[in-house]
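See below for the structure under consideration.
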Amino acid sequence: MDDHELIRDGLSGVFAAQEDMEVLGAAKDVGEALEIYERTNPDVVVTDLQLPDGTGLDVVRRVRRQTDKVGLVVLTMHAGDDQIFAAMEAGASAFVGKDAPSTEVVKAARHAAVSPRSFLCAGLAQAMVRRTTGASARLSEREHDVLLHLAEGLSAAEIGPRLHLSESTVKSHVARIYQKLGAANRAQALVTAMRIGLLSSIDPRRNGF
0 MDDHELIRDG
10 LSGVFAAQED
20 MEVLGAAKDV
30 GEALEIYERT
40 NPDVVVTDLQ
50 LPDGTGLDVV
60 RRVRRQTDKV
70 GLVVLTMHAG
80 DDQIFAAMEA
90 GASAFVGKDA
100 PSTEVVKAAR
110 HAAVSPRSFL
120 CAGLAQAMVR
130 RTTGASARLS
140 EREHDVLLHL
150 AEGLSAAEIG
160 PRLHLSESTV
170 KSHVARIYQK
180 LGAANRAQAL
190 VTAMRIGLLS
200 SIDPRRNGF
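All residue numbers for the sequence shown refer to numbering that gives the first Met the number 0, where the first residue is 0 and numbers rise by one.
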């Protein structure tokens with residue numbers, strides 16, 4: 000879907016030209032897109048990021064709440080890091096800039112059809128490096144102290160007395176460390192911290208990764 004008729008027609012023509020694809024509908028906004036989706040039950044939805052009555056991420060979130068089996072491709076002229084991560088966090092299957100060749104859009108749609116919950120984006124690796132590098136620069140001195148103790152395998156209850164902090168304060172620091180490093184748990188945080196140079200001399204086997 001796209002709010003520009005020329006782009007909608009162009010994309011529809013590209014997909015219709017593929018022997019293994021069929022175009023079930025084209026929409027100009029979020030409301031029309033969701034109506035067509037409910038009526039046609041497609042395998043893949045391709046949406047522009049900016050739409051007159053919302054964003055393509057509104058469509059992605061709505062569909063993803065219903066099912067993990069539909070592929071969701073986001074197209075945009077604004078392919079910055081924030082847009083990439085927003086699409087990934089919303090549940091998109093692929094993210095493609097509008098300046099990419101049509102073959103890349105078709106490739107993204109085919110990927111989305113077979114792997115709807117994996118995220119395909121040509122600039123994802125670089126965006127992740129920029130995010131984690133920027134996050135490392137924002138760790139406070141106290142957060143870095145907590146990180147070093149996490150690397151020793153200590154729990155929040157054990158770290159507290161060493162740094163003269165309550166257990167709840169340590170847990171708050173740990174939560175911020177995870178957020179800044181884009182990690183969901185201790186292992187991910189330590190792997191990222193080692194990769195960007197915050198930790199240089201720990202034994203990975205001691206921490207279970």
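For every residue, glycine included, the Cβ atom is placed at its ideal position computed from N, Cα and C.
Counting along the chain, where does the alpha helix (DSSP H) carrying residue i start and finish?
i, result
"L147", "E140 to A150"
"D67", "From DSSP, D67 is part of no alpha helix (DSSP H); its letter is neither H nor E."
"D47", "Looking at the DSSP string, D47 is not in any alpha helix (DSSP H); the run it does join, the beta strand (DSSP E), is V43 to D47."
"E103", "S101 to V113"
"K27", "No alpha helix (DSSP H) contains K27, which DSSP labels as neither H nor E."
"M76", "Run containing M76: none; DSSP gives neither H nor E here."
"E18", "Element bounds for E18: n/a, residue is neither H nor E."
CA-CA distance, residue i and residue j?
i, j, result
"T102", "V72", "14 Å"
"P100", "L50", "21 Å"
"A192", "R185", "10 Å"
"R161", "L197", "20 Å"
"V22", "I35", "11 Å"
"A188", "L74", "31 Å"
"H163", "M76", "50 Å"
"G96", "S11", "17 Å"
"G66", "G79", "Here residue 66 turns out to be Thr, not Gly, going by the sequence shown. About 27 Å."
Could you please give the first and the last residue of the uninterrupted beta strand (DSSP E) stretch that includes residue i?
i, result
"G209", "Residue coverage of the chain in this structure runs from 0 to 208, which leaves residue 209 outside it and unanswerable."
My understanding is that residue i touches residue j, with C-beta atoms under 8 Å, so please give their C-beta distance in whole angstroms.
i, j, result
"L56", "A86", "7 Å"
"V173", "L149", "7 Å"
Buried or exposed: residue i, going by 16 or more other Cβ atoms within 10 Å of its Cβ?
i, result
"K211", "Here the chain comprises residues numbered 0 to 208, so residue 211 is not present and cannot be evaluated."
"Q17", "exposed"
"S92", "buried"
"G70", "buried"
"V169", "buried"
"T54", "buried"
Can you find the residues in the same chain that come closer than 6 Å, C-beta to C-beta, to residue i, ignoring five residues on each side of it along the sequence?
i, result
"C120", "I83 and F94"
Given residue i, which residues of its chain have a CB within under 7 Å of its CB, disregarding the five upstream and five downstream residues?
i, result
"R137", "K179"
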